[in-house]
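In my numbering, the protein residues as written are 243 to 733.
For each residue, glycine too, the CB sits at the ideal point set by N, CA and C.
Below is one structure, written out as structure tokens; comments come after it.
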């Protein structure tokens, strides 16, 4: 049990942070805070407190279990749980074909296999108070009630964030329900396999399984087939990464494997109507300058290791989940694959995105800003309609963290408007979009445009060099771990 799960534990956690809270309030009041003019007191306090909790001192398995604890289903949402049966291995084989086609060198990865896939159909439930329980009816009946309120034929495929090793559809229900409310769409939120137990490309195999399940429902599904041009793929953070690499996979498969065998049918590979993502994690190495430059506004602390020393993985107490054997330095992937485009989308060539549907990217002034902007400019160069919004002073995934605030409502409203515009044909793959970022100022008081090409002051060659340096540091650290592991096994 987490210490925050009982009143005494929660009280102790708060008392420990009283000095931090008072310091933050004081500096904010006398306008000596480093975020003065970019964050109000609520935002600054929330960021500081979340940052203080993200110390990752417990075993990875415990962190994972704590992050996935189901808070229950109540209030203005419908949730209908579903399990899609295990598909043929053709789904895994299709992902491997895409990986191999996009390989740059000697990347290595696990063969993940295919498994049944759990997911949640989620929708908004109007006319109930915030603590109203969900009726004690069947999952099928819940889905039918959900459909009555989600009247559009649009479906949002949602992939949650959590650094690929944390969180679950249950942690994102309030956000997903708000997306459903604003779009009148059903949302399928996916419980994809998490690392480190299931490293790359397990999550990608599950994401492709979910997409194919929408298009060609397997036995036992609650839904009718959904046309790809009625699907918006959406997600945050690592889920935003997964959205991007799913799109890259679909674009690649259209060239190398145009159909996939799925529950006895040959399903053509077609593209979704669009992507709507927030704070996407596009560089697994976290090497871009904004990781450090924007850390003052973010609860995600920058890497603290000295690049002149050997890179070491997350230093936490060992359990049966982490470290793995043979060892690796990254929870999600082998170091050799860190810059594969289906791991870190920022590392891919511009041409990968050619022919992609419209893409909406929302972000704060956060650590992951640079990598998302570089991906956006690569998309724009090859003609992809890409719309980028950045909120001044806002941290990572602020739309979820500050749900109900003006900034979060603006984020949700703009995301929903993009989805509706795509469905209405107002934004298509052929729609030209300006090479600009819409920069939304502090407290939504101003809006200005920033050229996309110059928003990140690094050329493509400089970006590649930064990424390669980050990869090599980790690769050398992983080789050292492997040597130590082998030597220890000999004793």
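query: Buried/exposed call for residue 243, threshold 16 Cβ in 10 Å; result: Bear in mind that the predicted position of residue 243 carries a pLDDT of just 40, short of 50, making it unreliable; the figure below should be weighed with that in mind. Residue 243 is exposed by the Cβ-count criterion.
query: Closest by C-alpha distance to residue 319, when choosing among 382, 388, 296; result: 388
query: Residue 553 versus residue 457: straight-line alpha-carbon distance, rounded; result: 43 Å
query: The region 566-585 / the region 333-353 touching (three or more Cβ pairs under 8 Å); result: yes
query: Residue 243, DSSP secondary structure in three states; result: For residue 243, the predicted structure reports a pLDDT of 40, less than 50, and the residue's modelled location is therefore unreliable. The matter cannot be settled from this model.
query: Residue-chain proximity (residue 614, chain B), Cβ-Cβ < 7 Å; result: The displayed structure is made up of one protein chain only, and chain B is not part of it.
query: Check whether residue 587 and residue 524 have beta carbons under 7 Å apart; result: yes
query: Distance between residue 444 and residue 370 (C-alpha atoms, nearest Å); result: 38 Å
query: Assigned exposure category for residue 278 - 16 Cβ within 10 Å defines buried; result: exposed
query: Cβ-based burial, residue 689 [other Cβ within 10 Å; buried from 16]; result: exposed
query: Contact under 7 Å by Cβ, residue 608 with residue 536; result: yes
query: Nonlocal neighbours in the same chain, by C-beta distance under 7 Å from residue 328, ignoring five residues either side; result: 356, 357, 358
query: Opening and closing residue of the alpha helix (DSSP H) in which residue 640 lies; result: 640-643
query: Cβ neighbours of residue 292 in the same chain (closer than 6 Å, five flanking residues each side left out); result: 541
query: Beta-ladder partner(s) of residue 401, from DSSP; result: 477
query: Beta strand (DSSP E) segment containing residue 365, residue limits; result: 359-366
query: Limits of the unbroken alpha helix (DSSP H) element including residue 650; result: 648-665
query: Contained beta strand (DSSP E) runs [length at least 3] in the region 514-556, N- to C-terminal order; result: 516-520
query: Alpha-carbon spacing of residue 315 relative to residue 378, whole angstroms; result: 11 Å
query: Contacting residues, own chain, Cβ-Cβ under 6 Å from residue 572 (five flanking each side not counted); result: none
query: Counterpart residues of residue 691 in DSSP-defined beta bridges; result: 680
query: Contact between the region 592-609 and the region 504-521 (3+ Cβ pairs under 8 Å); result: yes
query: Touch test, the region 387-401 against the region 423-434, Cβ-Cβ under 8 Å, three pairs minimum; result: yes
query: Own chain, CB closer than 6 Å to residue 420, minus 5 neighbours either side, in chain order; result: 654
query: Residue environment, residue 674, which counts as buried when at least 16 other CB atoms sit within 10 Å; result: exposed
query: First through last residue of the beta strand (DSSP E) which encompasses residue 728; result: Looking at the DSSP string, residue 728 is not in any beta strand (DSSP E); the run it does join, the alpha helix (DSSP H), is 702-732.
query: Cβ-based burial, residue 425 [other Cβ within 10 Å; buried from 16]; result: buried
query: Candidates 710, 632, 707, of which the one nearest residue 693 by Cα; result: 632
query: Strand pairing of residue 604, partner residues [DSSP]; result: 520, 631
query: Where residue 264 falls, given that 16 or more other Cβ within 10 Å makes a residue buried; result: exposed
query: CA nearest to the CA of residue 372, picked from 255, 317, 487; result: 317
query: Extent of the continuous beta strand (DSSP E) to which residue 188 belongs; result: With the chain running from 243 to 733 in the structure shown, residue 188 is simply not present.
query: Three-state class that DSSP yields for residue 587 in the structure shown; result: helix
query: Under 7 Å between C-beta atoms of residue 564 and residue 438; result: yes
query: Cβ pair residue 478, residue 585 closer than 7 Å; result: no
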